[in-house]
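What follows is a short report on a single structure.
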Amino acid sequence: MSGYDPDAAATAVSITRAGDACFAELEELVEGNPGTDIPDDILASLHLLFGKNLAKALEVVDAGGITAHVGERSGRTVYKVPGRGDVYTVFPSHYCSCQSFMYDIVGRGEAVYCKHQLAVRLASVLRRVARAPCSDQDLARRLLGEGGVG
Ligand SMILES: [Zn+2]
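In terms of the UniProt record's numbering, the sequence shown has 32 at position 32, counting the first letter as 1, and numbering is strictly consecutive.
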């Protein structure tokens, strides 16, 4: 099998939308009850959508160290997520520098997000992202420099 598969693309779009709805619901909940855990029903929905990557993403969130580098003037954000012996560059909706993103998501279309992207989204709604403001020049350097696939 190769080439564009319209069914798979449609599935990916509905997973993305359903995921967005789950994260929005979770965010609302956390806003009302800071420090709350993810309720079982939302956890079940997320698991249904993202499968084994969800559990891995929760491990990444628990391990801590997710940092949002925010450009002072542009407001652009680059996330850095520590992994096994490496730090990954993550844009939660469309890019991660890890191998799984390259092979499973871009290459084979097996998943919509890698565990780092999910971890950033979860950590964002759970308020477990450290914010590190930096100059836009510095942001560009972080984007191009450290944190590639090892
Ligand atoms: Zn990744």
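Even glycine gets a Cβ: it sits at the ideal position worked out from N, Cα and C.
Buried or exposed (CB count within 10 angstroms, at least 16 for buried), residue i
i      : result
ALA130 : exposed
ALA63  : exposed
TYR4   : exposed
GLN117 : buried
GLY51  : exposed
VAL60  : buried
Nearest to residue i (by Cα), restricted to the options the options
i      : options                          : result
ALA119 : TYR79, ARG141 and GLN137         : TYR79
ALA21  : ARG142, VAL125, THR89 and LEU143 : VAL125
GLY83  : THR11, SER135 and CYS96          : CYS96
ASP37  : ALA140, ARG127 and GLY19         : ARG127
ALA123 : CYS134, TYR113 and GLY65         : GLY65
HIS69  : GLU27, ALA18 and CYS134          : CYS134
Same chain, Cβ closer than 6 Å to residue i, neighbours up to 5 away in sequence not counted
i      : result
GLU110 : ASP104
LYS56  : LYS115
ASP136 : GLY71, ARG73 and SER74
>> I'd like the ranges of any beta strand (DSSP E) spanning at least 3 consecutive residues and lying wholly in the region 34 to 86.
In response: 67 to 71 and 77 to 83
> Do three or more CB pairs link the region 4 to 16 to the region 34 to 43 at distances below 8 Å?
Replying inline: no
> For the region 87 to 101 against the region 27 to 35, are there 3 or more C-beta pairs whose distance is under 8 Å?
Replying inline: no
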